[in-house]
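Quick note on numbering: my numbering labels position 85 of the sequence shown as 161, and the sequence is numbered without any gaps.
Every residue, glycine too, gets a C-beta built ideally from N, C-alpha and C.
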Amino acid sequence: MTTSSVSPAMSGAVRTLIDALAVADSPRERGGRIWLCDAATDAVYSTDHHGNGLRAELEVPEQPSGLGWLPDGRLLVVSRRDARILRLEHDGSICVHAELARHVNGVVLGMVVDHVGRAWVCESGCDLRSDGPFSPARVLRVDPDGTVNVAADDLLVPHGSIVTDDAVLLVCESLGNRVTAFDIGDDGVLGDRRTWASFGPRPTGHSLDALLGQLVATPAGCVLGADGSLWVADALHGRALLVRDGRVVEHTGEVAPLFLLPPPIEHAVTASTPPSGVNL
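Here's what the structure looks like:
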């Protein structure tokens with residue numbers, strides 16, 4: 077796997093940051109380091125901003141997928157195969173922060189944690205590997221005490237989300253041709269649902285094949301730039317799209333399936349091709 081960054085000063089230029097991981101996902105910046113999940117080795121890693129000093133931080137035997145921190149600095153990480161959120165305590169012990177199995181339809185696709193410690197969890201909505209009918213998905217809100225609630229529904233594979241400084245949740249709908257925005261209320265309730273960016277009409281149909289045939293872009297991760305623009309990972313086409321005022325103004329060439337890195341590396345992407353035998 078190669079982790080690559082897109083330089084803001086070089087339109088579309090991509091450089092290799094890390095090539096030592098197999099399936100890097102859910103990158104976050106914390107304490108001057110980039111933290112990533114590796115689905116192939118079932119571990120969480122961190123590295124500096126130059127890709128040096130890679131180290132294993134935590135093993136997650138049931139596959140990590142999604143990272144975030146509580147206000148007191150404790151790490152939250154999704155354990156995907158058993159549908160749990162784990163919490164790394166200050167003393168190094170690991171406990172279950174939330175049980176998601178009875179709440180999730182399909183599988184967990186990622187998580188972002190806001191500044192008050194609420195975790196926003198995306199689900200697939202159905203088994204995307206089966207030939208069964210397609211079902212829209214939801215975003216779940218996990219409060220700091222581990223309580224789980226449905227926050228939003230009728231989303232077409234929400235895969236990748238961020239929370240802005242002004243308390244807006246941006247959700248990439250990978251099969252929806254769009255990024256959807258919600259205002260986060262003080263009580264954690266989402267409101268004012270709206271399309272933040274549209275790449276094409278909302279696909280219609282009841283099968284995965286029908287939806288795939290209508291996609292213009294497959295947003296699967298995003299990160300805000302300092303000017304309010306948004307870099308969006310277009311996984312199906314292997315590129316990163318720069319969106320400003322709701323429209324694409326720039327994109328990279330093909331650099332493999334993409335997942336975006338967070339600020340302060342605002343224009344960075346993680347390019348990852350899963351090796352044979354890795355079940356995502």
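Under the 10 Å beta carbon count, residue 142 is surrounded by 16 or more other beta carbons and is classified as buried. Under the DSSP assignment, residue 114 falls outside any alpha helix (DSSP H), being part of the beta strand (DSSP E) whose first and last residues are 109-114. Taken through DSSP and simplified to helix, strand or coil, residue 285 comes out as helix. Residue environment analysis places residue 214 among the buried positions, since at least 16 neighbouring C-beta atoms fall within 10 angstroms of its C-beta. At least 9 Å separates the beta-carbon of residue 200 from that of residue 226. Counting the other Cβ atoms within 10 Å of the Cβ of residue 294 gives 16 or more, which makes it buried. In chain order, 318, 319, 320 and 325 place their CB closer than 8 Å to the CB of residue 305, counting only its own chain and leaving out the 5 sequence neighbours on each side. Ranking 150, 155, 174 and 154 by CA distance to the CA of residue 164 puts 150 first.
The beta carbons of residue 113 and residue 147 sit no closer together than 9 Å. Shown here, residue 208 sits in coil according to DSSP, grouped into three states, outside any helix or strand. Take residue 181, set aside five residues on each side of it, and the residues of its chain with a beta-carbon closer than 8 Å to its own are 199, 200, 201, 202, 211, 213 and 214, in chain order.
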